[in-house]
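Residue numbers (this note's numbering): 12 to 262. We put the CB at the ideal spot given by N, CA and C, even for glycine. Contents: one structure, followed by commentary.
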Ligand code: PGA
């Protein structure tokens, strides 16, 4: 399986000109690399600009979607709309949305189901905060996020889902829960085994889910994370074209 490297641009950059510049640099830097699958998730407003580019290495993704297909839902963007613009992936349940917008596991579960029905591949983010980690609740939190987030998902749909383990305390960019610490490959490995066990207990031999790591990944540390992870969800470092290209070329 090819490593999956996902760029989560979050609410950046501010102008379309900058977004195009960043996108074009990344496309140019990774063309002809066939050993990696790269997904770029820009803000909604830039997605249509990138829909017609053609590069076999790079796919388009979105950072969220709504759970209904259409209707009276002011401000929402449906998974069908994103699919129509050429998105293949959608990030769901990011901790910044859980924290800043009050997204619950139930809401995230509805989004996972809607994304799957629209033909999008969900990247379901899970992860514990610093406080939860320090009070020894990591395992329970991850279990709950998986159980509720995956509720009603059929065994045959598991292969379409990627779990992004993003310990909230390791995410960069002004996160109030951030610590100076990053998880070690060994620590990530333990968490991944826990996640994989939950999936195989729930879904049997159909529970072989892809699990990737996210949280302050950059060109200097990506190699060590990728020794244990099947991919990376990259925030801050995906906004610097050279740095992001290095992560991909390092593989
Ligand atoms: P970061 O963000 O790489 O800037 O820590 C990762 C994420 O939140 O997806």
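- Excluding sequence positions up to five before and after residue 193, its CB lies within less than 6 Å of the CB of 181 and 227, all in the same chain and listed in chain order.
- In this structure, residue 114 has its beta carbon at no less than 7 Å from each heavy atom of the ligand PGA.
- Residue 259 has its alpha-carbon roughly 15 Å from the corresponding atom of residue 34.
- DSSP places residue 133 within a strand segment (E or B) once states are collapsed to three.
- DSSP places residue 158 in the uninterrupted alpha helix (DSSP H) bounded by 149-160.
- For the pair of segments examined, the region 44-51 was found not to touch the region 79-89: the number of CB pairs separated by less than 8 Å stays below three.
- Within the model, the alpha-carbon separation for residue 55 versus residue 126 is close to 15 Å.
- Excluding its 5 nearest sequence neighbours in each direction, residue 59 has C-beta neighbours in its own chain below 8 Å: 96, listed in chain order.
- Under the DSSP assignment, residue 211 falls outside any beta strand (DSSP E), being part of the alpha helix (DSSP H) whose first and last residues are 196-214.
- The shortest CA-to-CA distance from residue 137 to any of 162, 152, 40 and 76 is the one to 152.
- Using a Cβ distance threshold of 8 Å, residue 134 and residue 102 count as a contacting pair.
- As computed with DSSP, residue 98 is found in a beta bridge with 71.
- Taking each of 36, 23 and 39 in turn and checking the Cα distance to residue 74, the smallest one comes out for 23.
- Contact check between the region 164-183 and the region 198-210: three or more CB pairs, one atom from each, fall below 8 Å, which counts as touching.
- Around the beta carbon of residue 219, fewer than 16 other beta carbons lie within 10 angstroms, which makes this residue exposed.
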